[in-house]
Amino acid sequence: MEMEKKYGVYLCKGCGIGEAINFESLQKVIKKEGKIQFIKEHDIMCSPEARAMVLEDIKPEGEGINSLVIAACSPRVKYEELDFPNVLVERCNIRELVAWTQEPNNEHTQALAEDYLRMYCARVKKSELPEPYQSECDKTILVIGGGAAGLSAALEAANNGYDVVLVEKEAELGGYAAKLYRQTPSSFPFTTLQEPTVFKKIKEVQGHPKVRVLTKATIEKIDGEPGLLDTTVTVNGVEETFQVGAVVMAAGFRPYDATKLTKLGYGLSKDVITNVEMEELAKKGKIMRPSDGQPAENVAFIQCAGSRDPEHLPYCSDFCCQASLKQALYVRQSNPNATAMILYKDIRTPGQSELFYKEAQSDPGVMLTKAEIEGVTLAGDGKLNIAAKDTLLGENVIFEADLVVLATGLVPVTKDETVLNLGYRQGPGLPEIEEYGGFADSNFICFPYETRRTAIYAAGTVHQAMTIPMAMADGIGAALKAIQAVEHVAEGMAVHPRGWDETFPDPFMQRCTSCKRCTEECPFGAIEENEKGTPFFKINRCRRCATCMGACPERIVSFKDYSVDIIGSMLKSLDVPEIEDEDDPNVPYRVIGLICENDAMPALDAVGLHKLKLDPRVRFIPLRCMGSFNMVWVSDALSRGVDGLILLGCKYGDDYQCHFAKGSELCNYRLSKLSETLDKLGLESDRVQQYQIAHSDFDKLPQIIDDFVARIKEVGPNPFKEL
Amino acid sequence: MAGETVIKPDLQFVNRVIAAGGDTVKKCYQCDTCSVVCNPTPDSKPFPRKEMLQAQWGLKEVVQSPDIWLCHQCSDCTVYCPRGAKPGEVMGALRKMCIEEYATPPQLAKMVGDCRYLPVLIAFPVVLLLFMLKFTGMIGVGSGLSIPAGPIVYSKMFPTFWLIDAIFVPAFFFAAAVLGKGVLTFWKDLNANNPWKVRVEGNLVGNLIETLKDILLHNRFRLCETTYTRSTNHLFLVFGFIFLAIVTTWGFLNEWVLHHESPYFMFSPIKLLAMVGTAGLLYGIYNIIKERKANAEKAGFGSYFDWLLIYVVFAVGATGLLSWLFRLVHIPILAYPTYFLHLTSVFFLFFYAPYTKMAHMVYRTVAMLYARMSGRGF
């Protein structure tokens, strides 16, 4: 229901703003150009007194102000103090971007502050109060995989009151963690081998009323959207369909195929085995040679068998060092006269497992050396010779052993199985699996567990190579993310990283040309198409980055408080003075900075916090993501007479920092198309440039901006200015 | 496969290293900090990192390595070891095993290295001396111990020939023979086993002189940092021994050539030399004990093998000094028994020298000679 919008502007004079800006002339601009007559000033807008004042103003029976511009500090701070119920609030940052980064009481500073108010007065007129997207939401959590990570995820979700369906492809729960003879210690003092800890989890899961366990079950299809994921599984050959809200994918790993390790002697003799086979051997009792059943006296462990090897697995499989140290103790405990030799590239026992390394190493019969293995051959007497170079013991040596254990690493099942079998237009599996060596990983510095499919979280060895305790912890983390996802969906809010956002894409479909640019470019596969080929949104998959809004040539995708028109209106509201003397050092060029809210905006706030100086000719407008950059804004700005646009986005490429994976890269792609057009129009493409900036680069920002402005000076004023 | 060493780990050897005082050996993770901080090590194939690994793997040829003797146990490695593997202590254990390896008979070597046999080892000279006393009629089953009357003259109770020369001269030659045999085999093994073949053939004497100069001046010992003062204390000890060796030889000549009986005049040159020697010995050993204890936490406490020699040397010096003092102040009842203990400890020191740490005198000398002759960074 449309309500009549009643506007109000609140000006904060605190934190030095009042001393830097002339509020009288500011008010004149708001009234005359911003066309908002209700203006209030306050010394401290974040104070309880100011809050009481605003709460009074927004009462429907009183002034009934329902669309506010609060010109104060950055929207990243004082969030709760300056948030008011059921009214639209637009935060205009005149603290970090004006008072803290400009010379006080000077005409350029004043002009900058007035421009910000013009822009936000324009913005508040176009924005609307968000209304959450309401859909049904099933809060059941589907856990794929009943190993260490999956069991842990299932328990975490169930103990928090959520229904869980646990799907395990094998007949028994536990995965590889349950196939061990003993597990490396996972608690202080990290010295004694223990029963596999997963058995306890299996018992708990099996006895949990909230967990439904399906064994011998595989996922046939997952379709729909978070909160409404239609899941089809085959259990023991029988198909079954149910609905879930979110998914924890803990599908685990398979051991690296040892038959590819012929150089290390696999297949040469029965006495060359893998670490998985060693567990089976240890379970039978005394460690015996498989070939002749004689006790193994001298066992060699070859580390990194396949791992950290460009011909096999490029990564470290994480668990093998600890596994071999543990199995060396099997050898020693099985036969006090036996020796175990561990031949390694490096021993990697991070964290407290270092204590276990020390413990195993202190056993007199556990011998360790660095070695590059050249090959394993048969010795005459049924023994095996391991030729090695670059060992600590000598350049070329031969180790004689009667049993060789290859410490084979892990391959995530996502490497060659889609696992999820999603019915999504963009494909059944996760995108960009290859970038992470087959792991279902993301840029995990910022987003552990995240995948590019909303409400589907990866945990355990499918996520990264890790040990059992880590996988269990990972399961908990992923379960919490899944819970967060269903709760946000139920509220009609976005999930991470715009977790508070109640807006959603609302396209004006009559003008859609079905060009499918949005369906292709959406980083999260949120846009499907019907049988006629017309796109439609699966809103709950959407993360509200507005990449579709940037992609759409028809500019039909809008959010209540974010649209092509809203940003365009801000650009058009600016005052662009004429250039009289190009040689004047303060010549009033106008530059627009379109900045990513996720990294560039915090970086600018940091510039303010450090009281660094910014060029007063640049006006910054935050974007949800550079992916939402629409090329029409360039013509909006240039036709208005703006001299240049600087785009500050996140790093892109293989080690991207974009919070929406593809945004800054897509923006760059669009710009490359744009420069051709600009050149054709006789406008220098230098006028529009994108820079990659991280939050921590704040100290470099003033220089980047100065350099850009200097370049604009060289290029000269926008020729459209006079028109 | 030619040119390749076959590695066969020996668990029993590892266990022996651990028992010999190298109980921290397995803690080493081969970071090489020890070799980096070690001043005495040559630059090429430095110790003690490689010895730590050989000991961990039970590669027993390590005891035939000259490098274990080039180490003076400065303990800089032990101080800086990030894992508490105490390479200095392990090297000490390997040297003990080297002494054992080359000593004859090996059973006696084992006994000397094992504290359980200490009473037996002490009992041997005690019984021998008592037997001689009985034999010379100084004590008897019925008569008991009779302290000689008059001024204290030790040869009254301990006749020079039967109780000194008849025991100590054979003991000296026995020890010299055992050490000589061991050291010759060691020299042979050094030349057979080690890649650093002796290059400067024919100049054995010249090199030996240079080596002895190094030893007498403690040039290499002085490279130590953590336990630098140990080299000074050891120097006092060494010169104390040298002076006392001169005194002993002089006394032997007095007795058998010049027929000049002891005790001598208080300020005669021989007495003065004896006093200086004893003072040096006692000063050295006292400080060694004190500093070993003070440094124990960072540099390692040392093994039974180390302490056995330290206390025997201390006993020799202390009983010698006390015998002299008791004689001067004329307390026969204390003087004669103390002298008995002095003889016992001197016997212990010399007779067991091939099996105790005392043997380092010759093994280290030979290893240093070998290192010099093979161009091992000297």
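Going line by line, the protein sequences match chains A and B. Just so you know, we're using the working numbering here: the first sequence kicks off at 1 and counts up by one. Just so you know, we're using the working numbering here: the second sequence kicks off at 1 and counts up by one. Heads up, the beta-carbon is just placed ideally off N, CA and C, and yes, glycines get one too.
- Taking the C-beta atoms as reference points, L420 (chain A) is found nearer than 7 Å to I222 (chain A).
- Runs of the alpha helix (DSSP H) lying entirely within the segment 303 to 385 of chain A and spanning at least 4 residues, in chain order: 320 to 334, 353 to 361.
- Put simply, the CB of F399 (chain A) is near chain B, with a gap under 7 Å to one of its CB atoms.
- Between S685 (chain A) and D679 (chain A), the beta carbon gap of about 6 Å places them in contact (Cβ cut-off 8 Å).
- Of all C-beta pairs linking the segment 335 to 350 of chain B to the segment 27 to 36 of chain B, fewer than three are shorter than 8 Å, placing the two stretches out of contact.
- In the three-state reduction of the DSSP assignment, V238 (chain B) falls in the helix class.
- In the DSSP assignment, V244 (chain A) falls within the beta strand (DSSP E) that extends over 238 to 244.
- For the segment 7 to 18 of chain B, residues whose beta-carbon sits nearer than 7 Å to a beta-carbon of chain A comprise I7, K8, P9, L11, V14, N15, I18.
- For L166 (chain A), there are no neighbours in chain B by C-beta distance under 9 Å, as the nearest C-beta there is about 41 Å away.
- Straight-line spacing of the CA atoms in E435 (chain A) and G293 (chain A) works out to 45 Å.
- With contacts defined as CB atoms closer than 7 Å, S324 (chain A) and S317 (chain A) fail to qualify as a contacting pair.
- For the segment 390 to 423 of chain A, residues whose beta-carbon sits nearer than 7 Å to a beta-carbon of chain B comprise L392, L393, G394, N396, V397, I398, F399, E400.
- Contact holds between the segment 253 to 265 of chain A and the segment 395 to 413 of chain A, because three or more Cβ pairs, one in each stretch, are under 8 Å apart.
- Interface criterion not met: the Cβ of L94 (chain B) is under 7 Å from no Cβ in chain A.
- Chain B has a Cβ within less than 7 Å of the Cβ of T339 (chain A).
- Counted as a single uninterrupted DSSP element, the beta strand (DSSP E) harbouring V688 (chain A) occupies residues 688 to 692.
- Under the Cβ distance rule, P364 (chain A) counts among the residues neighbouring chain B, one pair being separated by less than 7 Å.
- Under DSSP, the beta-bridge partners assigned to I222 (chain A) are A:T231, A:L422.
- Cβ atoms of H234 (chain B) and G284 (chain B) come within 8 Å of each other, at about 6 Å.
- For G475 (chain A), the enclosing alpha helix (DSSP H) stretches over residues 468 to 491.
- Secondary structure at Q64 (chain B): helix, using DSSP grouped into helix, strand and coil.
- At least one C-beta of chain B is nearer than 7 Å to the C-beta of Q361 (chain A).
- Taking each of B:P195, B:F378, B:L321 in turn and checking the Cα distance to A335 (chain B), the smallest one comes out for B:L321.
- In this structure, the alpha-carbon of E529 (chain A) lies about 21 Å from that of G627 (chain A).
- When only Cα atoms are considered, A157 (chain A) and K662 (chain A) end up about 31 Å apart.
- Look at the segment 46 to 80 of chain B: the residues with a C-beta under 7 Å from a C-beta of chain A are L53, Q56, W57.
- Shown here for K560 (chain A): same chain residues with a beta carbon closer than 6 Å to its own, the five before and five after excluded, namely E128, P130, T503 in chain order.
- Taking CB atoms only, T5 (chain B) has a neighbour in chain A less than 7 Å away.
- Contact of K358 (chain A) with chain B by beta-carbon distance below 8 Å involves K27, R83.
- Neighbours of A296 (chain A) across chain B, judged by C-beta separation under 9 Å, do not exist; the nearest C-beta is about 14 Å away.
- Contact between D605 (chain A) and E96 (chain A) is confirmed by a C-beta separation of about 5 Å, below the 8 Å threshold.
- The Cβ neighbour count for V238 (chain A), taken over all protein chains shown within 10 Å, is under 16; the residue is labelled exposed.
- F243 (chain B) and A176 (chain B) have their C-alpha atoms roughly 19 Å apart.
- Runs of the alpha helix (DSSP H) spanning 4 or more residues and lying entirely within the segment 92 to 142 of chain A occur at 107 to 126, in chain order.
- With a beta-carbon spacing of about 5 Å, P9 (chain B) and W57 (chain B) fall inside the 8 Å limit used to define contacts.
- Nearest C-alpha to H312 (chain A) among A:K358, A:S675, A:G207, A:L261: A:L261.
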